[in-house]
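Okay, so here's the structure we're looking at.
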Amino acid sequence: MAMVSEFLTQLSFNIGANEPTYPTVVPVVDFNPDRDAARIETSIKTKGVDEQTIIEVLTKRTYSQRRDVAFAYEKKAKKDMISALKGALSGSLKTVILGLMNSTAEYDASVIRGSIKGAGTDEETLIEVLCSRSNDELVEIKKVYMELFKKDLEKDVAGDTSGNFAKLLLALVQTKRAAPSSIIDYEKIDDDARALFEAGIKMKGTDVPTWISIMSERSVPHLQKVFQRYKSYSPYDMQESIVKEVKGDLQKSFLVLVKCFENKQLYFANRLNEAMKSKGAKEQMVTRIIVSRCEVDLKKICSEYKTNFGESVQKTILEHTKGDYQKVLLSLCGPEE
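If you want our numbering, it's the position in the sequence shown, counting the first as 1, plus 2.
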């Protein structure tokens, strides 16, 4: 019966979605929000705080279930659960747990807002989020961004970036990407591949607007075929052409787009490896990837990680993190497969 429930859960994630999902965090079948709320309340009241129980409960529930626990907690304890968690937890564990109390779109919207508000812009984070999210995800992020911050995402991006870099990000935020089609248009694939070549390697300089238009408006399956066809025109593949043709943040953005079109989970696996093995592990990046992808495709990211780096994400976490932060990351990644 449990296997049937798990199958139905996975099936429900995929119905109507453009991209298949591979979550590590799935709905608990025997879910009782009142029981969970009582456990959380006891954990917070315990002298020294019972972080382990908080981790066990909140990392093994989906966002929807966590919200139900929060409602049950407020009804029982007469106080807001998020505020209680803020007061009870600290450090990296607090950052992860509070992140989990947001939907994926809310979390992404908050990350984007954090990368552009104040002095300076965190271009690396902005590029990672905007260039790796699907069209459907970006539609939801724009909506949530307005709800949370009463600001238009398009205007905020335009105000904090410039030049062709801004034009590319704005084209993505405008969410004009075509939906995948069951019909393969080989003529259009060839036209787009030739256009990318003629707008870049073939000419002196680069016709960036043409690159932006094709990469922001065509469906992902179509672009995957375009990049294959591109090799029949150019002596370089698409990623090599980008490196030769453009520089700076524009180059980084195009590269992230192409990497995600070709294999999004491999892109994130590489980012995790870079973050965890860099000197003084880039904790924010690790947290951002694991929290934002645990209900999307973290299982496949972990699989790509092991295939490409010869060890599991879980083993790398054990080697490069410690304490409650280590425990919460391991719990979100799930058992090693």
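Glycine included, every Cβ here is placed at the ideal spot set by N, Cα and C.
In this text, all values refer to a predicted model and were calculated from it rather than measured experimentally.
Thinking S255 and F151 are a contact (beta carbons under 8 Å), I'd like their distance in whole angstroms, please. Counted from its first residue, the sequence shown places residue 255 at position 253. Counted from its first residue, the sequence shown places residue 151 at position 149. Not really, about 23 Å apart at Cβ, beyond 8 Å.
Continuous alpha helix (DSSP H) stretch holding V293: start and end: Taking the first residue of the sequence shown as 1, we reach residue 293 at position 291. First-last of the alpha helix (DSSP H) with V293: 285–295.
Alpha-carbon spacing of E276 relative to D110, whole angstroms: Taking the sequence shown and counting its residues from 1, the one referred to as residue 276 is at position 274. Taking the sequence shown and counting its residues from 1, the one referred to as residue 110 is at position 108. Going by the C-alpha atoms only, they are around 20 Å apart.
I'd like to check one pair, V288 with G101: are the Cβ atoms closer than 7 Å? If you number the sequence shown from 1, residue 101 lands on position 99. If you number the sequence shown from 1, residue 288 lands on position 286. Not a contact, by the Cβ cut-off of 7 Å.
Cβ of F270 within 7 Å of Cβ of V222? Translated into the one-based positions of the sequence shown, residue 270 becomes position 268. Translated into the one-based positions of the sequence shown, residue 222 becomes position 220. For F270 and V222, no; Cβs fall outside 7 Å.
With Q67 as the anchor, note down where its alpha helix (DSSP H) starts and where it stops. By one-based count along the sequence shown, residue 67 stands at place 65. 65–79 is the span of the alpha helix (DSSP H), which, as asked, contains Q67.
Which residue from L91, K169, E200 puts its Cα closest to that of G50? Residue mapping note: residue 50 aligns to position 48 of the sequence shown, counting from 1. Nearest C-alpha to G50: L91.
For V71 and V330, what's the separation of their Cα atoms in angstroms? Numbered from its first residue, the sequence shown carries residue 71 at position 69. Numbered from its first residue, the sequence shown carries residue 330 at position 328. One C-alpha to the other measures close to 18 Å.
Between which two residues does the alpha helix (DSSP H) carrying Y232 extend? Taking the sequence shown and counting its residues from 1, the one referred to as residue 232 is at position 230. Start and end: 222–232.
Just the Cα atoms here: how many angstroms apart are S280 and K204? Counted from its first residue, the sequence shown places residue 280 at position 278. Counted from its first residue, the sequence shown places residue 204 at position 202. If I take the Cα positions, the gap works out to 38 Å.
Other residues of its chain near I143: CB distance less than 6 Å, five sequence neighbours each side excluded: Stepping through the sequence shown from its first residue, residue 143 is reached at position 141. Correct list, in chain order: A107, D110, A111.
Look at the alpha carbon of T212 and the alpha carbon of Q230, and state the distance between them as a whole number of angstroms. Here residue 212 refers to the residue found at position 210 when the sequence shown is read from its first residue. Here residue 230 refers to the residue found at position 228 when the sequence shown is read from its first residue. Distance between the alpha carbons of T212 and Q230: 18 Å.
Buried or exposed for S134, going by 16 or more other Cβ atoms inside 10 Å? Position 132 of the sequence shown, counting from 1, holds the residue named residue 134. It is buried - the Cβ of S134 has at least 16 other Cβ atoms within 10 Å.
If I follow the unbroken alpha helix (DSSP H) through T318, where does it start and stop? Here residue 318 is taken as the residue at index 316 of the sequence shown, counted from 1. T318 -> alpha helix (DSSP H) spans 315–322.
V248 by DSSP, collapsed to three states: which one? On the sequence shown, residue 248 is found 246 positions in, with the first residue counted as 1. Of the three classes helix, strand and coil, the one that applies to V248 here is coil, per DSSP.
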